[in-house]
Amino acid sequence: MQRPQNTSEDDCSQRDTLETEGYAEVCSNIHTEMNRQDGTNLIDQVIDHDNLYMAYKHVRANKGAPGIDGITVDELYGHMQQYYSSLRRKVRDGSYQLQPVRRVEIKKDDGSKRKLGIPCVLDRVVQQAIYQVIAQEINPYFSKHSYGFRPNRNAKQAIKKAAHYYKQGYRTVVDCDLKSYFDTIHHQKLMEYLKVFIQDKVVLELIWKFLKSGIMEEGMVTASSVGAPQGGNLSPILSNVYLNELDKELERRGHKFVRYADDCAS
């Protein structure tokens with residue numbers, strides 16, 4: 001059996017310091033995790049190397065036309081290599097500026113035209129990186145009746161659910177197709193709805209910049225006062241955020257319904 005050693009005041013002080021630092025680290029980790037859960041500390045997740053690489057791969061796989069800067073998806077890797085450090089820094093401090101989207105019109109089956117907004121490829125990566133983080137925060141709170149632009153949900157499931165309601169005896173249907181929905185989303189209201197789920201000010205500011213980035217058409221840039229351009233990586237989830245309150249109201253009223261993006265049957 002060893003004889004107990006005398007403990008000096010310096011030893012006690014050093015031990016207390018280590019214990020205090022250890023406690024502080026634990027508290028810091030808990031605080032960070034709590035912030036992640038309540039949506040107040042998301043920007044570091046956005047610029048995480050793995051998250052950005054995943055966003056790059058998504059944009060690369062989807063291909064698509066270039067934005068107003070003319071940089072193609074094939075040139076994206078080299079462009080990101082050249083500006084990677086600057087990109088992460090600017091996204092982190094909120095100074096990243098998204099460029100105007102390029103207006104493209106696609107003819108629909110009924111003869112009308114759908115207006116698309118094509119972002120620059122680097123902006124697509126930033127948008128996708130934001131989407132990958134905020135989707136984890138928001139998707140669990142969406143209505144079970146919403147099927148569009150959501151993981152593991154699709155139009156076939158919406159049709160199947162509608163058929164189920166029909167078999168239950170619900171034979172009167174109100175079909176609602178919101179005209180020019182994406183082009184008419186109110187920015188201020190959307191941000192109010194978004195702040196329910198996301199409190200990270202830098203992320204919110206970047207989303208606001210996306211909404212206000214402008215539209216270039218025939219060489220002229222016009223301001224974006226309303227709308228979320230179809231073609232942007234953030235637009236689908238933002239469109240669901242905007243209509244989530246409608247979904248909840250229909251649920252409160254006891255309606256049987258399915259919604260896929262801007263198409264709703266009740």
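Following the numbering used here, the numbering of the sequence shown begins with 1 at its first residue and continues without gaps. For each residue, glycine too, the CB sits at the ideal point set by N, CA and C. In this text, all values refer to a predicted model and were calculated from it rather than measured experimentally.
When you compare only the Cα positions, how much space is there between N35 and Q82?
Working through the sequence shown from its first residue, we reach residue 35 at position 35. Working through the sequence shown from its first residue, we reach residue 82 at position 82. With a pLDDT of 44 at N35, under the threshold of 50, the modelled position of that residue is not reliable, and no figure is offered here.
Please list, in chain order, all residues of the same chain as Y84 whose beta carbon is under 6 Å from its beta carbon, the five residues on each side excluded.
In the sequence shown, the residue the question calls residue 84 occupies position 84. Cβ within range, chain order: n/a, list empty.
Cα-Cα separation between V121 and Y170, rounded to whole angstroms
The residue labelled residue 121 in the question sits at position 121 within the sequence shown. The residue labelled residue 170 in the question sits at position 170 within the sequence shown. Cα to Cα, the separation comes out at about 46 Å.
Going by the C-beta, is Q168 closer than 7 Å to any heavy atom of the ligand HEM?
As far as ligands go, the structure on display features none, and thus does not contain the ligand HEM.
How many Å lie between Y56 and A158 at the Cα?
Counting from one through the sequence shown, the residue named residue 56 turns up at place 56. Counting from one through the sequence shown, the residue named residue 158 turns up at place 158. If you take the alpha carbons of Y56 and A158, they lie about 31 Å apart.
Does the Cβ of R252 have 16 or more other Cβ atoms within 10 Å, making it buried, or fewer, making it exposed?
Residue numbering aside, residue 252 sits at position 252 when the sequence shown is read from its first letter. Exposed.
Uninterrupted beta strand (DSSP E) stretches inside the region 182-220 (no shorter than 3 residues):
215-217
Rounding to the nearest angstrom, what Cα-Cα distance links K144 and G219 in this structure?
Your numbering for residue 144 matches position 144 in the sequence shown. Your numbering for residue 219 matches position 219 in the sequence shown. Taking the straight line from one Cα to the other gives about 43 Å.
N152 burial status per 10 Å Cβ neighbour count (16 or more: buried)
As a first step, residue 152 must be located in the sequence shown, where it is residue number 152. That one is exposed.
If contacts are defined as beta-carbon pairs under 8 Å, then D262 and Y181 qualify, I think. What distance do you get, rounded to the angstrom?
Here residue 262 refers to the residue found at position 262 when the sequence shown is read from its first residue. Here residue 181 refers to the residue found at position 181 when the sequence shown is read from its first residue. Right, their Cβ atoms sit about 4 Å apart.
Reducing DSSP to helix, strand and coil, say where D177 ends up.
Locating residue 177 in the sequence shown gives position 177, counting from the first residue. If DSSP states are grouped into helix, strand and coil, D177 belongs with the strands.
Thinking just about the alpha-carbon of each residue, which of G231, F257, K90 and H79 is nearest to the one in R114?
Taking the sequence shown and counting its residues from 1, one reaches residue 114 at position 114. Per the Cα distances, G231.
By a C-beta neighbour count over all protein chains shown, 10 Å radius and 16 as the cutoff for buried, is Q128 buried or exposed?
Walking along the sequence shown from the start, residue 128 turns up at place 128. Buried is the call here.
With a threshold of 16 other CB atoms inside 10 Å of the CB of N240, please say whether the residue is buried or exposed.
As a working mapping, residue 240 is identified with position 240 in the sequence shown. Buried.
Compute the Euclidean distance between the alpha carbons of G94 and Q136, then round it to the nearest angstrom.
Counting from 1 along the sequence shown, the entry for residue 94 is found at position 94. Counting from 1 along the sequence shown, the entry for residue 136 is found at position 136. For G94 and Q136, the distance between alpha carbons rounds to 21 Å.
P119 to I68, Cα distance in whole Å?
For this step, residue 119 is matched to residue 119 along the sequence shown. For this step, residue 68 is matched to residue 68 along the sequence shown. Going from the Cα of P119 to the Cα of I68 covers about 8 Å.
Per DSSP, what kind of secondary structure is V226 in: helix, strand or coil?
Locating residue 226 in the sequence shown gives position 226, counting from the first residue. Coil.
Name the DSSP bridge partner or partners of V101?
Your numbering for residue 101 matches position 101 in the sequence shown. In DSSP, V101 forms a bridge with I215.
Beta-carbon proximity list for V226, same chain, < 8 Å, skipping 5 on both sides
Here residue 226 refers to the residue found at position 226 of the sequence shown. Counting only Cβ-Cβ distances below 8 Å, and skipping sequence neighbours, we find D183, T184, I185, H186 and H187.
Could you round the C-beta distance between I134 and V203 to whole angstroms and report it? I think they count as a contact, below 8 Å.
Here residue 134 refers to the residue found at position 134 when the sequence shown is read from its first residue. Here residue 203 refers to the residue found at position 203 when the sequence shown is read from its first residue. Indeed they touch by this definition, with Cβ atoms about 7 Å apart.
Where DSSP assigns a beta bridge to Y166, which residues make up the other side?
Counted from its first residue, the sequence shown places residue 166 at position 166. Answer is none; Y166 lacks a bridge partner.
Does the beta-carbon of S86 have 16 or more other beta-carbons within 10 angstroms, so that it is buried, or is it exposed?
Taking the sequence shown and counting its residues from 1, the one referred to as residue 86 is at position 86. S86 is exposed by the Cβ-count criterion.
Range of the contiguous alpha helix (DSSP H) that encloses G78:
Taking the first residue of the sequence shown as 1, we reach residue 78 at position 78. Taken as a continuous stretch (DSSP letters only), the alpha helix (DSSP H) holding G78 covers L76 to D93.
Simplified DSSP assignment, three categories, for A129:
Reading the sequence shown from its first residue, position 129 is the one you call residue 129. In this structure, A129 counts as helix in the three-state DSSP scheme.
Compare the beta carbon distance of L178 and Y242 with 8 Å and say whether it is the shorter of the two.
Position 178 of the sequence shown holds residue 178. Position 242 of the sequence shown holds residue 242. Their beta carbons are not under 8 Å apart, which means L178 does not touch Y242 by this criterion.
With a threshold of 6 Å on Cβ separation, who are the neighbours of V196 within its own chain once the five nearest residues in sequence on each side are excluded?
In the sequence shown, the residue the question calls residue 196 occupies position 196. Once the five neighbours on either side are set aside, V196 has no close Cβ partner at all.
Once the 5 residues before and after K212 are set aside, which same chain residues still bring their CB inside 6 Å of it?
Working through the sequence shown from its first residue, we reach residue 212 at position 212. The residues are S224.
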